[in-house]
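Going by the UniProt record's numbering, the residue at position 67 of the sequence shown is 67; the numbering climbs one at a time, nothing skipped.
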Amino acid sequence: MPHSNADSLDDVSSQASYDSDEDLRLAQQEWEESLHQLQQLFSIVLLPFLGKWLGRRWSQWAFARYLRLGLGKAFLWG
């Protein structure tokens, strides 16, 4: 039994749909991988850098306050 044109069009349409679904799945997978890489960059590089910077700022502030007020109740409570 030979295939009619409608059957072959359905086959092409379903194959194109399958390729489109596969492309969407692959694009979604790549997007999620990119997000994961950005999260790793943030947690491994940027957070320690920010913590180091904030720690240095706080220690400079605390030392200046110590020099100005001494280490007593005024240092802690203002």
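Yeah, the Cβ is synthetic: ideal placement off N, Cα and C, and Gly gets one too.
Using the three-state DSSP reduction, which class does residue i fall into: helix, strand or coil?
i          : result
leucine 67 : helix
glycine 55 : helix
Who are the Cβ neighbours of residue i in its own chain at under 7 Å, not counting the five residues just before and after it?
i            : result
aspartate 19 : none
Closer than 6 Å by C-beta to residue i: which residues in its own chain qualify, once you throw out the five before and the five after it? Chain order, please.
i          : result
leucine 24 : none
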